[in-house]
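Comments concern the structure below.
In mature numbering (1 follows the signal peptide of the UniProt record, and there is no 0), the protein residues as written are -20 to -1, 1 to 108.
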């Protein structure tokens, strides 16, 4: 997982850039980045998608991976898996809580990229 998520978050961050570069213009608007910048109904969802993916790539993802590594070290010290039934050491309890918060934040950011993509898709579809 620690090797898969950086690739996923990198692709998730790059795709809104590709969408902006390939935005199709029409008789009322320009194509490409210029068209995206002049149309807020396109700019906002693409920007939201890009920023939430970038946050996952640069901040939340690495912090989650670091927390997972710390939990594995603590598992070796405690002789008990992080997901085993309680009781856990104070250190493992704190690491489990931190991991839950980070994982939840990553999930919310993924939801943000999904919603932004869907809104952008509806915008494109409305032009047909």
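Glycine is no exception: its CB is placed at the ideal position from the N, C-alpha and C atoms.
As a quick exercise: from 2, 6, -13, 70, pick the residue whose alpha carbon is nearest that of residue 108.
6
Rounded to the nearest angstrom, what separates residue 78 and residue 53 at their Cα positions?
15 Å
Could you work out which residue in 57, 95, 93, 84 is closest to residue 71 when comparing CA atoms only?
57
Report yes or no: do three or more beta-carbon pairs, one from the region 86 to 106 and one from the region 32 to 40, lie closer than 8 Å?
yes
With DSSP as the reference, label residue 107 as helix, strand or coil.
coil
Pairwise C-alpha distance: residue 73 and residue 67
9 Å
Buried versus exposed call for residue 20 [16 or more other C-beta atoms within 10 Å across all chains shown]
exposed
Let me make sure I understand the geometry here. Which of 10, 100, 43 has the alpha-carbon closest to that of residue 80?
43
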